[in-house]
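J.: Below you will find the structure I want to go over with you.
In UniProt numbering, the protein residues as written are 1 to 258.
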């Protein structure tokens with residue numbers, strides 16, 4: 001059964017252990033509304049590489065790539081495996097599109113991958129592969145990576161981009177309402193996604209709040225990967241909206257094609 005790609009938030013790592021957060025509850029309930037995928041493919045902003053890479057076959061270690069959180073987080077494990085057939089299929093899809101990719105046996109799943117997966121798919125049950133985000137990638141390259149992955153979605157593999165529409169550490173706070181600039185940018189991107197405005201999405205860096213919302217764009221690019229993976233004439237449906245640490249967007253989308 002075809003799978004509609006998703007863009008999911010991962011927020012701060014403590015999202016995994018804070019059930020009072022709206023986004024935590026959203027992710028916990030997500031799988032109930034989704035057909036079980038054949039496999040999970042995730043793109044996180046926290047695995048950036050010189051060359052496009054995917055996990056090599058084998059068990060995937062849980063990477064605790066953060067500091068300053070509770071011990072409970074460092075003890076969490078997400079026991080997933082990149083099965084060889086799935087690694088081969090991802091490799092084939094990417095190379096058939098004309099991109100070069102390598103298999104990496106040193107990585108596993110960083111918190112941008114395992115935090116949302118541990119909530120949405122706690123009982124793994126299917127193979128998982130993470131795809132890296134090359135340092136050189138911008139909007140167009142990320143969208144094209146998604147297009148390379150589109151055949152996988154047709155085969156029942158769930159492609160997930162993990163990130164945030166707003167991600168500015170200098171603007172985070174432990175309390176307070178989301179600032180107007182964050183709301184405006186989030187809602188503007190949402191409108192473009194819902195209308196399937198590909199050209200506008202790929203040039204969203206022109207928005208007056210882009211630099212404030214995303215001083216660096218690696219948290220936004222996985223959205224474009226997931227959007228591209230929906231195929232021709234794609235559009236998105238917003239599944240969730242909230243903010244954490246005041247200004248980090250936790251918006252989530254499902255992508256389809258007309």
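Ideal Cβ placement from N, Cα and C applies to all residues, glycine included.
Less than 8 Å between C-beta atoms, sequence neighbours within five positions excluded: which residues of the same chain meet that for residue 194?
T.: As a first step, residue 194 must be located in the chain shown, where it is residue number 194. Counting only Cβ-Cβ distances below 8 Å, and skipping sequence neighbours, we find 235, 236, 237 and 238.
J.: Please work out which residues of its chain come closer than 6 Å, Cβ to Cβ, to residue 124, disregarding the five sequence neighbours upstream and downstream, and give them in chain order.
T.: Translated into positions along the chain shown, residue 124 becomes position 124. So the list reads 80, once near-sequence residues are dropped.
J.: Excluding the 5 residues flanking residue 178 on each side, which residues of the same chain have their C-beta closer than 7 Å to its C-beta?
T.: What you label residue 178 is simply residue 178 of the chain shown in a count that begins at 1. 243, 246 and 247, listed in sequence order.
J.: Between the region 7 to 17 and the region 88 to 103, can you find at least three pairs of beta-carbon atoms closer than 8 Å?
T.: No, because fewer than three Cβ pairs between the region 88 to 103 and the region 7 to 17 fall closer than 8 Å, the two stretches do not touch.
J.: Taking just the CA atoms, how far does residue 112 sit from residue 150?
T.: Along the chain shown, read from residue 1 onward, the residue named residue 150 stands at position 150. Along the chain shown, read from residue 1 onward, the residue named residue 112 stands at position 112. C-alpha separation (whole angstroms): 21 Å.
J.: From what residue to what residue does the beta strand (DSSP E) around residue 130 run?
T.: Within the chain shown, numbered from 1, the residue matching residue 130 stands at position 130. Residue 130 -> beta strand (DSSP E) spans 128 to 134.
J.: Three Cβ pairs or more, each shorter than 8 Å: is that satisfied between the region 72 to 79 and the region 158 to 168?
T.: No: fewer than three Cβ pairs fall under 8 Å.
J.: One question on the structure: do residue 110 and residue 46 come within less than 8 Å of each other, judged by their Cβ atoms?
T.: By one-based count along the chain shown, residue 110 stands at place 110. By one-based count along the chain shown, residue 46 stands at place 46. Yes, the pair counts as a contact, with Cβ atoms nearer than the cut-off.
J.: Count the C-beta pairs between the region 164 to 176 and the region 225 to 233 that are closer than 8 Å, then say yes if the count reaches three, no if not.
T.: No: the two stretches stay apart, fewer than three of their Cβ pairs being nearer than 8 Å.
J.: Following the continuous beta strand (DSSP E) through residue 111, name the residue where it begins and the one where it ends.
T.: By 1-based counting over the chain shown, the position of residue 111 is 111. Careful: residue 111 lies outside any beta strand (DSSP E), inside the alpha helix (DSSP H) at 111 to 120.
J.: According to the neighbour-count rule (16 or more other Cβ atoms, all chains shown, within 10 Å of its Cβ), is residue 258 buried or exposed?
T.: Numbered from 1 along the chain shown, position 258 holds the residue referred to as residue 258. Classification of residue 258: exposed, given that the 10 Å Cβ count is below 16.
J.: For a quick check, are the C-beta atoms of residue 196 and residue 3 less than 8 Å apart?
T.: Counting from 1 along the chain shown, the entry for residue 196 is found at position 196. Counting from 1 along the chain shown, the entry for residue 3 is found at position 3. Cβ atoms of residue 196 and residue 3: not closer than 8 Å.
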